[in-house]
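Protein chains in written order, with the numbering used here: chain A, 1 to 263; chain B, 264 to 794.
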Amino acid sequence: MRRTLLHAMWLALLAWLALLQAAPAAAQAKPAAASPPSDLVAGRRIFDAQCAWCHGNGGDGGTGPNLHGRLRHATRLNSIVDIIINGIPGTDMPSFRLGLTERSARQTAIYVLSLSRTASLLGPGNAERGAAIYQSTGCGSCHVVEGRGGILGPELTTIGGRRGAVYLREAIVKPAASHPPGYLVVRAVPASGAEVRGIRVNEDVFWIHIRDASGNVHTLQKSELARLDRELEATLMPSYDSRLSAAQLDDLVAYLATLRGAK
Amino acid sequence: MIHTDVAHGFSRTSAGLKACATIAAALMTAPLLAQDGQWLMYSGSYSSHRFSPLTQISTANVAKLRPAWVYQPPGTGSVESTPVVVNGIMYVTSGPTMVAALDLKSGKPLWEWTRPIGPSVLNLGFPRVNRGVAVLDNMVYVGTLDGYLFALDARAGIERWSVHVGENPVGHSITAAPLVVDDKVIVGISGGEAGIRGFLDAYDAKTGKQVWRFYTIPSPGEPGSEGWPGDSWVHGGGATWLTGSYDPALKLLYWGTGNPGPDWNGDSRKGDNLYTSSLVAIDVDTGKPRWHFQFTPHDVHDWDANQIPVLVDTPVGGRPRSLVVMANRNGFYYALDRKTGEFVFGTPYAKQTWAKGLDERGRPIEIPGMEPSEKGTLVYPSLQGSTNWASPSYSPATDMLYVPVREMGSIYYKTGVEYKPGTYYTGGSEKRLDEESWGAVRALDVKTGKQVWDFKLPTPTWAGVMATAGGLVFSGSNEGNFFALDAKSGKPLWQFQTGGAIRSGPMSFLVGDKQYVAVAGGHALFVFSLD
């Protein structure tokens with residue numbers, strides 16, 4: 001309890017400092033300049049309920065990016081409010097216009113701003129070494145970074161801007177838990193002929209397209225299948241838990257975290 | 264029962280299109296408005312069966328169905344409209360608010376009318392769409408996203424009159440097709456996420472003069488007001504955003520009402536919150552409610568009851584009944600006596616985790632702890648419900664109700680809420696469980712609500728359903744498939760990939776002696792016939 005309170009007070013202080021630093025922006029945003037520490041506490045509660053799902057507890061990152069250090073899309077309170085209300089087109093960040101009042105969005109933004117003013121969560125790894133590990137481990141045989149690599153797995157060119165370190169680490173160690181959208185594994189067993197297992201490229205009511213591990217796309221009519229399984233927990237990516245040392249894993253995560261696309 | 268007075272009401276518009284289809288003898292007692300090959304209103308008939316009595320396209324030949332023509336409306340809005348075919352012309356709409364009159368043979372427009380809808384026009388809680396028109400004599404009636412009702416000359420698309428129905432800056436919009444009854448145009452309103460006080464309006468079809476307004480939220484002192492503490496009724500919701508049904512013998516309109524406001528935080532509105540999430544039977548002459556049935560008292564999951572009420576005459580337990588049935592967004596199927604509103608029976612038809620069942624009066628026996636919370640509460644069905652606005656269809660031939668089903672759960676969040684005009688007034692949000700969701704066209708025995716067959720779809724559907732006397736059930740998918748199923752077994756017999764999500768209701772009509780089937784997919788309208 002005491003710890004929570006102290007933590008909240010610390011964050012409040014950070015938020016005040018942040019507002020002082022961002023004086024020109026704060027001057028335009030009167031309500032923010034006047035926000036009491038209770039707004040920060042309220043913002044954190046909203047964040048924990050609605051944002052931590054993607055951004056991780058305390059904004060440490062998950063399927064969404066970590067929010068410590070300089071934010072990619074917004075550095076001022078008003079622009080954070082705008083993102084919370086409108087979302088970010090072209091990313092997984094949804095609009096919260098429906099669920100949050102302007103006041104709640106502002107409180108949440110005050111908390112997010114406080115997170116961004118904390119030190120960036122630099123992992124223990126070394127990104128340069130991680131880049132070498134990426135090459136030597138053969139990640140590029142399935143993943144594209146800046147135009148180079150294979151197509152079986154998701155492109156990673158901007159993965160560091162979209163996913164936090166916690167998620168990236170888990171995706172390497174326990175890839176089945178990562179559920180990248182568009183990479184559902186399916187297994188189709190035709191009434192006659194060989195089984196096809198791979199990534200679902202597309203599906204409608206009557207047809208399914210599956211890319212197998214060799215990269216070949218199979219177009220199958222569902223009426224000709226004896227069974228079709230959606231393997232929600234499966235992945236074509238092997239686990240690298242036992243193939244990499246703890247230090248190598250740190251390095252690889254550090255490298256992936258730097259992948260943020262063209263500046 | 265044959266709705267002869269209805270048929271008479273529309274005979275003034277008939278240009279002599281003759282029914283060439285043979286009607287099965289078993290169907291002769293059904294309300295067959297479309298038997299002259301027209302499709303006179305949004306749901307096909309006042310009973311809202313969305314049933315085509317045409318038999319030319321049947322289980323025997325549907326495999327040969329081919330596109331006849333495609334119409335692409337101006338603009339980029341998605342087409343969620345059900346076309347109507349009256350007097351030899353098709354009238355179809357597109358978003359935000361556009362009406363086209365199309366030649367039936369060539370698919371070419373005779374006129375197109377567009378209401379300029381700027382980016383400042385609000386659509387709080389729904390897409391910028393229009394779902395159809397109503398037609399009477401030489402007038403086409405359409406509601407607009409900015410809250411007006413327009414009467415257009417059916418021959419030229421020229422405005423005859425317009426009336427301001429609701430204030431868009433505080434969230435009122437019209438997306439639903441109006442309904443014409445006698446000399447009145449009945450039109451509902453959207454805005455249940457914006458803290459409106461819902462209403463249903465009737466206007467004089469010739470002049471646009473308001474005949475009556477029924478508020479779905481009672482003001483203090485009126486029956487039902489005891490369920491609205493303080494001034495919570497002022498922003499109580501209860502939108503009327505989809506087209507209702509009508510029984511000419513009883514002179515009763517059946518109209519579904521939407522969620523109470525705020526949607527997910529019910530703290531300020533402790534009580535049943537009548538007449539939200541209800542079906543209201545309204546005297547068409549006076550606008551006064553004769554009875555109501557509330558499916559979800561004190562709804563906190565946004566389970567609007569705006570689904571199409573379907574009027575069915577069928578024996579239940581050996582006794583002939585005049586019913587209004589509804590597969591509700593809350594996961595239960597209900598049969599009510601349409602004269603009295605008496606609850607006849609109800610049963611779940613999709614996965615639901617919020618109620619143990621219904622009591623003898625049809626009120627849900629709720630499971631505690633299922634309301635939205637700050638940390639989130641997992642409940643089936645999702646906010647969008649076990650079904651939504653996509654139309655079901657009833658076939659008198661099979662006595663089945665074909666329901667577009669959404670199998671999906673959500674984590675419901677409750678947040679703070681404050682009313683500010685022209686913004687969301689919801690008090691929460693949801694996180695959908697997309698991965699494990701799916702959809703279906705589900706055939707229910709209308710007498711029991713029991714599932715007869717289930718045709719599964721990859722994702723929760725937004726496509727309406729149409730059954731036909733040819734023994735078919737037409738529907739679509741988010742993945743663009745438009746398909747025909749055997750009405751008895753659910754077996755697929757034909758499909759066409761339209762290339763865009765189907766979020767509209769199919770319909771059927773005759774040109775000369777040739778039957779056509781139409782459906783909107785993505786941004787276009789597709790019309791099919793046999794070779």
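Beta carbons are placed, not taken as given, at the ideal position from N, Cα and C, and that holds for glycine.
Keep in mind it's a predicted model, so treat the numbers as computed, not measured.
Should residue i and residue j be called a contact, given that it needs their Cβ atoms to be closer than 8 angstroms?
i, j, result
"LYS710(B)", "VAL587(B)", "no"
"ALA703(B)", "ALA653(B)", "no"
"PRO359(B)", "ARG391(B)", "yes"
"GLY768(B)", "ARG313(B)", "yes"
"LEU621(B)", "THR322(B)", "no"
"TYR675(B)", "GLY691(B)", "yes"
"ASN536(B)", "PRO525(B)", "no"
"ALA364(B)", "PRO336(B)", "no"
"ALA331(B)", "SER792(B)", "yes"
"SER441(B)", "TYR404(B)", "Checking the sequence, you will find Pro at residue 441(B) rather than Ser. Against a cut-off of 8 angstroms, the Cβ pair of TYR404(B) and PRO441(B) comes out as a contact."
"SER238(B)", "MET671(B)", "The requested residue 238(B) is not part of the displayed model; chain B covers only 264 to 794."
"HIS68(A)", "GLY59(A)", "yes"
Under 8 angstroms Cβ-Cβ, which residues of chain A neighbour residue i?
i, result
"PRO721(B)", "GLU203, ASP204 and VAL205"
"GLN758(B)", "VAL205 and PHE206"
"GLY775(B)", "Those within 8 angstroms of GLY775(B) in chain A number zero; the least Cβ separation is about 32 angstroms."
"GLU456(B)", "LEU98"
At least one CB of chain A closer than 8 angstroms to the CB of residue i: is that the case?
i, result
"GLN335(B)", "no"
"VAL680(B)", "yes"
"LYS638(B)", "yes"
"GLU698(B)", "yes"
Taking 8 angstroms as the threshold (beta carbon to beta carbon), is residue i in contact with chain B?
i, result
"ALA234(A)", "no"
"PHE47(A)", "no"
"ARG227(A)", "no"
"SER104(A)", "yes"
Name the chain B residues that come within less than 7 angstroms of residue i, Cβ to Cβ?
i, result
"GLN50(A)", "TYR676 and SER692"
Just the C-alpha distance for residue i and residue j, rounded to the nearest angstrom, thanks.
i, j, result
"GLY500(B)", "THR689(B)", "10 angstroms"
"GLY550(B)", "SER488(B)", "18 angstroms"
"GLU634(B)", "ASP299(B)", "49 angstroms"
"ASN569(B)", "TRP496(B)", "19 angstroms"
"GLY388(B)", "LEU220(A)", "38 angstroms"
"ASN126(A)", "ALA246(A)", "12 angstroms"
"GLY609(B)", "VAL774(B)", "41 angstroms"
"PHE413(B)", "ALA397(B)", "11 angstroms"
"TRP518(B)", "ASN386(B)", "22 angstroms"
"GLN473(B)", "TYR466(B)", "4 angstroms"
"GLY785(B)", "THR722(B)", "16 angstroms"
"ASP776(B)", "PRO611(B)", "42 angstroms"
"ALA613(B)", "VAL642(B)", "13 angstroms"
"GLN760(B)", "GLY161(A)", "37 angstroms"
"GLY739(B)", "VAL782(B)", "9 angstroms"
"PRO65(A)", "THR678(B)", "24 angstroms"
"GLY150(A)", "ASN741(B)", "30 angstroms"
"GLN778(B)", "ILE320(B)", "7 angstroms"
Which chain B residues are close to residue i, counting only those with a beta carbon under 9 angstroms from its beta carbon?
i, result
"GLY99(A)", "TRP527, TYR676, THR678, TYR687, THR689, GLY690, GLY691, SER692 and GLU693"
List the residues of chain A that residue i touches, going by C-beta distances under 7 angstroms, in chain order.
i, result
"SER740(B)", "ASP204 and VAL205"
"PHE608(B)", "Correct list: empty, because the minimum Cβ distance to chain A is about 32 angstroms."
"PHE746(B)", "VAL205"
"GLY743(B)", "ASP204"
- Task: Could you say if the stretch 363-372 of chain B and the stretch 440-456 of chain B meet the contact criterion of at least three C-beta pairs nearer than 8 angstroms?
- Result: No contact exists between the stretch 363-372 of chain B and the stretch 440-456 of chain B.
- For the stretch 304-318 of chain B against the stretch 760-776 of chain B, are there 3 or more C-beta pairs whose distance is under 8 angstroms? Three or more pairs of CB atoms, one per stretch, sit closer than 8 angstroms, so the stretch 304-318 of chain B contacts the stretch 760-776 of chain B.
- Do three or more CB pairs link the stretch 106-126 of chain A to the stretch 66-78 of chain A at distances below 8 angstroms? Using a C-beta cut-off of 8 angstroms, the stretch 106-126 of chain A makes contact with the stretch 66-78 of chain A, since at least three inter-stretch Cβ pairs fall below that distance.
- Query: How about the stretch 160-176 of chain A and the stretch 205-216 of chain A: do they share at least three Cβ pairs that are nearer than 8 angstroms?
  - Reply: No, they do not touch.
- Message: I'd like to know if the stretch 184-195 of chain A and the stretch 217-236 of chain A are in contact, where contact means that at least 3 CB-CB pairs between them fall below 8 angstroms.
- Response: Here the stretch 184-195 of chain A lies against the stretch 217-236 of chain A, with 3 or more beta-carbon pairs under 8 angstroms apart.
- Is the stretch 127-136 of chain A close to the stretch 237-252 of chain A, with three or more CB pairs under 8 angstroms? Contact between the stretch 127-136 of chain A and the stretch 237-252 of chain A is established, with three or more Cβ pairs separated by less than 8 angstroms.
- Query: Three or more C-beta pairs closer than 8 angstroms, one from the stretch 587-606 of chain B and one from the stretch 549-567 of chain B: is that the case here?
  - Reply: The stretch 587-606 of chain B, when compared against the stretch 549-567 of chain B, does touch it at the 8 angstroms Cβ threshold.
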